[in-house]
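These protein sequence lines map, in sequence, to chains A and B.
No gaps in the numbering here: position 38 of the first sequence is 1132 in my numbering, and each next residue is one more.
No gaps in the numbering here: position 96 of the second sequence is 1190 in my numbering, and each next residue is one more.
All C-beta atoms, glycine included, are put in the ideal place defined by N, C-alpha and C.
There are 2 protein chains.
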Amino acid sequence: MSVSVEALDAALRERGLRATPQRRQVLTAIVSLGHATPEQIHGHVHARNPSVNLSTVYRALELLEELGLVSHTHLDHGAPTYHLAAHARHLHLVCRHCGSVTEAELSIARPLAAVIAERHRFTADLTHLSVHGVCAE
Amino acid sequence: MSVSVEALDAALRERGLRATPQRRQVLTAIVSLGHATPEQIHGHVHARNPSVNLSTVYRALELLEELGLVSHTHLDHGAPTYHLAAHARHLHLVCRHCGSVTEAELSIARPLAAVIAERHRFTADLTHLSVHGVCAE
DNA sequence: TTAACTGCAAAAGTTTTGCAGGTCG
DNA sequence: CGACCTGCAAAACTTTTGCAGTTAA
């Protein structure tokens, strides 16, 4: 975790931007939560620092994503969920019925990515891949 | 197209629901547009029948999906796009840069679905699969 | 006729924005 | 000190809901 925060500080410094507590706390929240919606992230940050505003969370998420530290997917019904870019070593199986999210090996989608690259000249970003369906319940 | 509308009428009758012009027009719009957001569908319907309200479009989409005639995915930034269930014979390649949506053979994802079924006991719905990435530009 | 459906308007939920004040560097 | 950031409030969107009037069957 402190690794991520240090990476953040470095990335910010490099761009002449500021390392504020809020930005660090948003990143820390993502690290703790694994993957979460802006709302959930705000809840986590807010617990430690009640003055932090939801709009600041949105702005921080946008920035963190721009810096390449974080990325997001649309898991279920359009709800965006954010996670560490470095942790994006799995794809998501989203159950339509129970809403559960299971993680699966990224490597199992490699063959698919290869076919897509070849036939469509399209570079698939597997870290953004989520497969919808029905789990074993 | 009239095929779809007839299927709609039949499905509605079977459930004791009503075949209204609005419902038919929403379905027709989806047929013409291929895939479209609620907003775009409303635009299309509205052009022919200006009195149709957006909330009616939402209600119709919900119903059509329930009847299994239509389904939706979240293509790009969470924007829901609806399409005929019968046309869902392809998966989507969504370009992060230009926003374009390319269609690819569903069959190329079969092996992936098989692995997921075996390892995770998860039945993948490939018709809801969209792959994000970068196209050839 | 009458239960289902629609249009309208308002509510609810989410994300963005303008601005005055606070703060990192 | 000075530009960058934040909190707040309001705006901009998207989707849902309640209700009175309309309409398909």
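Check, Outcome
"Residue 1202 of chain A versus B:1109, B:1202, B:1209 and B:1122, residue with shortest Cα-Cα distance", "B:1209"
"Rounded straight-line distance, which links the Cα of residue 1222 of chain B to that of residue 1188 of chain A", "11 angstroms"
"Which residues DSSP lists as bridging residue 1227 of chain A, in chain order", "A:1189 and B:1218"
"Inter-residue spacing [alpha-carbon to alpha-carbon] between residue 1109 of chain B and residue 1162 of chain A", "50 angstroms"
"4 or more residues per run - each alpha helix (DSSP H) lying fully within the region 1111 to 1159 of chain B", "1115 to 1127 and 1132 to 1142"
"Chain B within 9 angstroms of residue 1203 of chain A, Cβ atoms only", "yes"
"Where the region 1100 to 1129 of chain A meets chain B: residues whose CB sits under 8 angstroms from a CB there", "none"
"Closest residue to residue 1116 of chain B among B:1124, B:1186, B:1129 and B:1151 (Cα-Cα distance)", "B:1151"
"For residue 1173 of chain B, the three-state DSSP class (helix, strand or coil)", "coil"
"Residue from B:1204, B:1167 and B:1231 whose Cα sits closest to the Cα of residue 1190 of chain B", "B:1231"
"Rounded distance between the beta-carbons of residue 1159 of chain A and residue 1165 of chain A, thought under 8 angstroms", "6 angstroms"
"Closer than 7 angstroms at the beta carbon, the chain B residues around residue 1225 of chain A", "1210, 1218 and 1223"
"Chain A residues whose Cβ lies nearer than 8 angstroms to that of residue 1085 of chain B", "Residue 1085 of chain B lies beyond the stretch modelled for chain B, which goes from 1095 to 1231, so this question has no answer here."
"N- and C-terminal bounds of the beta strand (DSSP E) containing residue 1096 of chain A", "Element bounds for residue 1096 of chain A: not the beta strand (DSSP E) but the alpha helix (DSSP H), 1096 to 1109."
"Burial state of residue 1224 of chain B, where buried means 16 or more other Cβ atoms lie within 10 Å", "buried"
"Check whether residue 1207 of chain B and residue 1214 of chain A have beta carbons under 9 angstroms apart", "no"
"Alpha-carbon to alpha-carbon, residue 1147 of chain A and residue 1186 of chain B", "36 angstroms"
"Residue-chain proximity (residue 1178 of chain A, chain B), Cβ-Cβ < 9 angstroms", "no"
"Neighbourhood of residue 1175 of chain A by C-beta, 7 angstroms cutoff - its chain only, sequence neighbours within 5 removed", "1129, 1130, 1131, 1166, 1167 and 1169"
"Outcome for residue 1122 of chain B when other beta-carbon atoms lying within 10 angstroms are tallied against a minimum of 16", "buried"
"Selection from B:1134, B:1126, B:1125 and B:1154 that minimises the alpha carbon distance to residue 1111 of chain B", "B:1154"
"Simplified DSSP assignment, three categories, for residue 1194 of chain B", "coil"
"Terminal residues of the beta strand (DSSP E) in which residue 1201 of chain B lies", "No beta strand (DSSP E) contains residue 1201 of chain B, which DSSP labels as neither H nor E."
"Beta carbon proximity, residue 1164 of chain A to chain B, threshold 9 angstroms", "no"
"Straight-line Cα distance separating residue 1120 of chain A from residue 1145 of chain A", "13 angstroms"
"Per-residue burial, residue 1104 of chain B [other beta carbons within 10 Å of its own, 16 or more giving buried]", "exposed"
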